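K.L.:
In our numbering, the protein residues as written are -17 to 249.
We treat Cβ as the ideally placed atom computed from N, Cα and C, and that holds for glycine.
Here the structure is a predicted model, which is why all the values come from computation and not from measurement.
I have a structure I would like to understand better, so I am pasting it below and will then ask my questions one at a time.
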């Protein structure tokens, strides 16, 4: 019997170990599956972010060109349909005179705004989406002009293109690139804070109203309780005195009977 019990216990332990191992393997498999899904999602996200259409959806400045008399020095264009339009425009720009000019959206510019600035026979040109502030585009061109004369002219074409793309993204999306946009952003933040404060104040007022209502309800219930307690007290007092009176009456009757009994007893 003892051997059978030991064998049975060993079988149970082996079964428990197998179940634990199976549960552990299942959990490990689930964790690996989850990690693979996360890796695939991250890879897909990275691929989307590097896709031109995704980059274009984030950008308001869609093209930047740097050119001189010999041709285009460097450029970044997110809208291939604009390349021929800009090439034709560059060929008609007078590079001998320093000036700046802008073209609003039209059929010739495919619905985009085009701005350029000529400085020392160099032309810095940009194209932006409809409605995007032109002052920001000219700020970008001024920055590129300063950086070109400072250090960009000596760098490789790929390095210049990378730098241009970074500046396009910065001037397209960062409020700090434009003081007016930064001011509007601050106004939006202040407005949001004011709305939150108003909501908090209304919520606090609502809680105060609920507390007042509960206080009134509690006061009414307290008065009802006090009235009920008074009625119970009066009822208990009445029952007490009724009991006393009853006891006194019984005692009086008992005493009277005893007196009569003793008085009528013969000697």
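Quick check: residue 101 and residue 127, are their CB atoms within less than 7 Å of each other?
P.N.:
yes
K.L.:
If residue 98 sits next to residue 111, beta carbons under 8 Å apart, how far is it from one beta carbon to the other, in whole angstroms?
P.N.:
Actually they are not in contact, since the Cβ atoms of residue 98 and residue 111 sit about 17 Å apart, beyond 8 Å.
K.L.:
In the DSSP assignment, the alpha helix (DSSP H) including residue 128 goes from what residue to what residue?
P.N.:
116 to 132
K.L.:
I believe residue 146 touches residue 44 by the beta-carbon criterion, under 8 Å. Please report the beta-carbon distance rounded to the nearest angstrom.
P.N.:
The pair is not a contact, with the Cβ atoms about 12 Å apart (cut-off 8 Å).
K.L.:
Return yes when the Cβ of residue 59 is within less than 7 Å of the Cβ of residue 65, no when it is not.
P.N.:
yes
K.L.:
With H, G and I counted as helix, E and B as strand and the rest as coil, what does DSSP make of residue 95?
P.N.:
strand
K.L.:
Can you have a look at residue 42 and say buried or exposed, based on whether 16 or more other CB atoms are within 10 angstroms of its CB?
P.N.:
buried
K.L.:
Name the DSSP beta bridge partners of residue 79, please?
P.N.:
Bridge partners of residue 79: none, in fact.
K.L.:
Can you tell me whether residue 231 is helix, strand or coil according to DSSP?
P.N.:
Helix, per DSSP.
K.L.:
How long is the line joining the alpha carbons of residue 171 and residue 189, rounded to whole angstroms?
P.N.:
So the alpha carbons of these two residues sit roughly 27 Å apart.
K.L.:
Return the Cβ separation of residue 143 and residue 122 in integer angstroms, given the expectation that the two are a contact with Cβ distance under 8 Å.
P.N.:
About 15 Å; that fails the 8 Å criterion.
K.L.:
Around the C-beta of residue 95, are 16 or more other C-beta atoms found within 10 angstroms, so that it is buried, or is it exposed?
P.N.:
buried
K.L.:
Pull up the DSSP beta-bridge partners for residue 58, would you.
P.N.:
46
K.L.:
Can you name, in chain order, every residue of its own chain whose Cβ lies under 6 Å from the Cβ of residue 75, other than the five neighbours on each side?
P.N.:
105.
K.L.:
With 16 as the cutoff for other CB atoms within 10 Å, does residue 57 come out buried or exposed?
P.N.:
Its Cβ being crowded by 16 or more others within 10 Å, residue 57 is buried.
K.L.:
Assuming residue 71 is part of the alpha helix (DSSP H), what are its boundary residues?
P.N.:
65 to 73
K.L.:
Is residue 92 near residue 69, with beta carbons less than 7 Å apart?
P.N.:
In this structure, residue 92 keeps its C-beta atom at 7 Å or more from the C-beta atom of residue 69.
K.L.:
By the three-class DSSP mapping on this structure, what secondary structure does residue 101 have?
P.N.:
Strand.
K.L.:
How long is the line joining the alpha carbons of residue 229 and residue 220, rounded to whole angstroms?
P.N.:
Whole-angstrom Cα-Cα distance: 14 Å.
K.L.:
Apply the 10 Å Cβ neighbour rule to residue 130 and answer buried if 16 or more other Cβ atoms are within range, or exposed otherwise.
P.N.:
buried
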